[in-house]
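The structure under discussion appears below in the form of structure tokens.
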Amino acid sequence: MLIALYLAEIQPQVITFADVGGEKPETIAHRDRMNAILAAWNWPPIITCRKIPLASTGYDDLFGNCLTNETLPSLAFGMKSCSIKWKQIPQDQLIKGARSGPNAALPHPVWTEAEGTGQRIVKLIGYDCGRADLRRSRNLRTVDADFDYAYPLQLLGWTREDCIAIIMDVLGVDYVPIKSACFFCPASKIWELYWLAAHHPDLLERALLLERTALTGRHSRFDEVEFGATWEELVSNADRFPSSNTTVGLGRNFAWNQWARVNDVVDDEFRVRRGRSDRARFQIRAAELRRSDNADDGRRQSLTRLAA
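Per the numbering used here, the very first residue in the sequence shown carries number 17; after that it's consecutive.
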């Protein structure tokens, strides 16, 4: 979207990125590289927005929030409150300011100017014309009490493929980013789990720990007496853990831990296998399972070469 604005000679006054603390390293590195591009364009830098929880909570990010409360991100239950709480509100507070609490801050000058002149601030959102984004944005608002909303990529008719091609043409193939998402995001595809196992086994292990804690913690509906086996036994050999009508996992209708065990991604201690052959196996499976509409992003280059 930034490239679309640049080509149209439209410079935004504020550029924000909401970091919930669970992004993959590639996304943070891409943000930093894009800041160098923005500086060369004489554009404002990307401002990273983060929710600051109360010190008494004992956590400082979404992962810690879920782990401490022994639960899963709300998306695992078909809701989106984590996105509102950890992404939307911090970005709104950057603009409007916050009167109290850990996120207290003065309004941004853009907000003050808009209030003084009676103008409306327009938020630009980067949904494209791909099937998934069109579905997500079908009922999105174009105006609320504080902001107007516009979707430049959809106005241009750009699909994800178009976006990738234009990024490659303007900045080069190395600037095609991977999808911005938490490493424990319930919307992850199976191929993305294999990719995570190959490239960031430590992050996958953390995600598995989070899920195990939620599924067996104080909010668990798992009952060893009812199921007649320990949690570890069910995960290692059940078709689905423990069943879709008793619990949900990070996969919404399946548990990542069960997937990892039956596909030999982890050992008996739930440690991701890190051998060279294991990593190659994970990458091959990611390439085999990935489809053109599955989070088409910078990862496709290496997976396409591998599949060939």
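Note that CB positions come from ideal geometry on N, CA and C, so glycine has one too.
Mind checking H235: buried by the 16 CB within 10 Å criterion, or exposed? exposed
Can you find the residues in the same chain that come closer than 8 Å, C-beta to C-beta, to R47, ignoring five residues on each side of it along the sequence? F33, I62 and T64
Per DSSP, what kind of secondary structure is L140 in: helix, strand or coil? strand
Residue of D108, S116 and G117 minimising C-alpha distance to V126: D108
When you compare each of C145, T87 and N58 to F200 by their alpha carbons, which one comes out closest? For the set C145, T87 and N58, the Cα lying nearest the Cα of F200 is the one of T87.
Which residues DSSP lists as bridging V186, in chain order: None, per the DSSP bridge assignment.
Buried or exposed for D283, please, with buried defined as at least 16 other CB atoms from any protein chain shown within 10 angstroms of its CB. exposed
Three-state class that DSSP yields for Y11 in the structure shown: The question about residue 11 has no answer here: the residues shown for the chain are numbered 17 through 324.
So what does DSSP say about C26, is it helix, strand or coil? Note on identity: in this sequence residue 26 is Ile, with Cys being the wrong assignment. Annotated three-state conformation of I26 is coil, per DSSP.
Distance between beta carbons of F298 and A214, contact taken as under 8 Å: 4 Å
Limits of the unbroken alpha helix (DSSP H) element including A52: Note, A52: alpha helix (DSSP H), P41 to A56.
Which runs of the alpha helix (DSSP H) fall wholly inside the segment 61-144 and span at least 4 residues, in chain order? Listed in chain order, the complete alpha helix (DSSP H) runs (minimum 4 residues) inside the segment 61-144 are 78-84, 105-112 and 125-133.
Selection from P193, D218 and L231 that minimises the alpha carbon distance to A45: P193
Given 8 Å, three or more beta-carbon pairs between the segment 169-189 and the segment 140-151: yes
Can you tell which of E131, V189 and M50 has its C-alpha closest to the C-alpha of A161? E131
Quick one: grab the DSSP three-state call for N310. The predicted model places N310 with a pLDDT of 48, which falls under 50 and marks its position as unreliable; any figure quoted below should be read in that light. Note: N310 maps to coil in three-state DSSP.
Cα separation between L140 and E177? Rounded to the nearest whole angstrom, the C-alpha separation of L140 and E177 is 20 Å.
My output table needs one value for V241: the three-state DSSP class, helix, strand or coil. Residue placement at V241 cannot be trusted, given a pLDDT of 43 that sits under 50; what the coordinates show is reported in the next sentence. Three-state result, V241: helix.
Can you list, in chain order, the residues of its chain whose CB lies under 7 Å from that of Y22, leaving out five sequence neighbours each side? W57
On a Cα-Cα basis, can you pick out the residue from A303, K96, T84 and I68 that is closest to R152? K96
Enumerate in chain order the residues of its own chain whose CB-to-CB distance from F163 is below 6 Å, with the five nearest sequence positions on each side excluded. I137 and K139
Helix or strand or just coil, what does DSSP make of C201? coil
Among R49, Q274, W59 and P217, which has the Cα closest to the Cα of A296? P217
Secondary structure at V281, three-state DSSP: helix, strand or coil? coil
Considering only the beta carbon of each residue, do L225 and G265 sit closer than 8 Å? no
Relative to the C-alpha of A92, which candidate in V189, G267 and I300 has its C-alpha closest? G267
Report the CB separation of F39 from C198 in whole angstroms; it is logged as a contact under 8 Å. Here residue 39 turns out to be Glu, not Phe, going by the sequence shown. The pair is a contact, with the Cβ atoms about 7 Å apart (cut-off 8 Å).
With burial defined as no fewer than 16 other Cβ atoms inside 10 Å of the residue's Cβ, what is the status of R315: buried or exposed? Answer is buried; the Cβ neighbour count reaches 16.
N279 versus G233: straight-line alpha-carbon distance, rounded: Rounded to whole angstroms, N279 and G233 show a C-alpha spacing of 25 Å.
If we count the other Cβ atoms within 10 Å of its Cβ and call it buried at 16 or more, is E129 buried or exposed? exposed
Thinking C-beta only, is N273 closer than 8 Å to E304? no
Does the beta-carbon of V281 have 16 or more other beta-carbons within 10 angstroms, so that it is buried, or is it exposed? buried
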